[in-house]
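Structure, as structure tokens:
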Amino acid sequence: MWEANPEMFHKAEEFLSKTTDSEVDEMDTSDTQWGWFYLAECGKWHMFQPDTNIQCSVSSEDIEKSFKTNPCGSISFTTSKFSYKIDFAEMKQMNLTTGKQRLIKRAPFSISAFSYICENEAIPMPPHWENVNTDVPYQLIPLHNQTHEYNEVASLFGKTMDRNRIKRIQRIQNLDLWEFFCRKKAQLKKKSGVPQINEQMLFHGTSSEFVEAICIHNFDWRINGIHGALFGKEKDR
Numbered sequence: 001m002w003e004a005n006p007e008m009f010h011k012a013e014e015f016l017s018k019t020t021d022s023e024v025d026e027m028d029t030s031d032t033q034w035g036w037f038y039l040a041e042c043g044k045w046h047m048f049q050p051d052t053n054i055q056c057s058v059s060s061e062d063i064e065k066s067f068k069t070n071p072c073g074s075i076s077f078t079t080s081k082f083s084y085k086i087d088f089a090e091m092k093q094m095n096l097t098t099g100k101q102r103l104i105k106r107a108p109f110s111i112s113a114f115s116y117i118c119e120n121e122a123i124p125m126p127p128h129w130e131n132v133n134t135d136v137p138y139q140l141i142p143l144h145n146q147t148h149e150y151n152e153v154a155s156l157f158g159k160t161m162d163r164n165r166i167k168r169i170q171r172i173q174n175l176d177l178w179e180f181f182c183r184k185k186a187q188l189k190k191k192s193g194v195p196q197i198n199e200q201m202l203f204h205g206t207s208s209e210f211v212e213a214i215c216i217h218n219f220d221w222r223i224n225g226i227h228g229a230l231f232g233k234e235k236d237r
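Residue numbers (the UniProt record's numbering): 1 to 237.
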């Protein structure tokens, strides 16, 4: 029996500030610790931090030093992929390669009030999930063979296997695995310095005795290849 799973999956931790716009103060004092933030794609303010993964060459402290030297000037920095310029007069960051601009802000913060990891940021569940029950580890939702979701999985399966062997296709709704997938996806995008990564739907052959464990805990790659090793292409990638 094959259980086709189009979304067993979890937003890598993003650096962000809990400082709100109302906390921005134009008055500079020697007792105030200032941070620099950019408005990220998720709509949250993230703090500028050196990142070894994308080789960001600037920190919030570097930007603050440049700002104090010339509040109407600018500072340039690079990552492994792009070159950027921060304009203090416009309070914007520009990607010098693509021309894309982001809003930036200067805001006071304290270490005790600052969260470096967005642990409590809610991750929305897929909009097509049905009758989600958070009191159980997972749910198996049968897909009707006339739906787009069913036919998408069946079509991919049929590229390397006999489509007539499909007994049924069920969607695995596991919120923990979904959140893990979203976080891992964001982590990979951050590490690669790209806006999108290549996602693929793959198939995994296994014994029926392992199905429930997979639905709860995801695949165990230590036993990969024990079953179904003769079928499919590039199933281990």
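Don't be surprised by glycine CBs; every beta carbon is placed ideally from N, CA and C.
Contact between the segment 175-186 and the segment 152-167 is not established, with fewer than three Cβ pairs separated by less than 8 Å. When C-alpha distances from phenylalanine 88 are compared across Lys159, Thr98 and Ile75, the shortest belongs to Ile75.
A Cβ-Cβ contact shorter than 8 Å links lysine 85 with leucine 96. By the CB criterion at 8 Å, tyrosine 138 and isoleucine 172 fall inside the cutoff. Contact between methionine 91 and glutamine 101 fails: their C-beta atoms lie close to 11 Å from each other, not under 8 Å.
The C-alpha of glycine 193 is placed about 36 Å away from the C-alpha of asparagine 131. Threonine 78 has Ser83 as its beta-bridge partners, per DSSP.
With a minimum length of 3 residues, the unbroken runs of beta strand (DSSP E) contained wholly in the UniProt domain "PARP catalytic" (123-237) fall at 139-142 and 170-173. In its own chain, leaving out the 5 sequence neighbours on each side, no residue places its CB closer than 8 Å to the CB of proline 127.
Where phenylalanine 37 is concerned, the enclosing beta strand (DSSP E) starts and stops at 34-39. Distance from lysine 105 to tryptophan 45 at the Cβ level is roughly 7 Å; contact confirmed, criterion being Cβ atoms closer than 8 Å. Under the DSSP assignment, lysine 92 falls in the beta strand (DSSP E) whose first and last residues are 92-95. The beta carbons of alanine 107 and phenylalanine 37 sit about 6 Å from each other, so the pair counts as a contact at 8 Å. Each residue's CA atom was taken as its position, placing asparagine 218 and leucine 39 some 34 Å apart.
Secondary-structure assignment with DSSP links glutamine 101 through a beta bridge to Met94. The beta carbons of serine 83 and glycine 73 sit no closer together than 8 Å.
When the five nearest sequence neighbours on each side are left out, no beta carbon in the same chain lies closer than 8 Å to the beta carbon of glutamate 209.
Residues Ile197 of the same chain have their beta carbon placed closer than 6 Å to that of lysine 189, with the five preceding and five following residues left out of the count. The C-alpha of glutamate 199 lies about 38 Å from the C-alpha of glutamate 64.
Each residue's CA atom was taken as its position, placing cysteine 42 and aspartate 135 some 28 Å apart.
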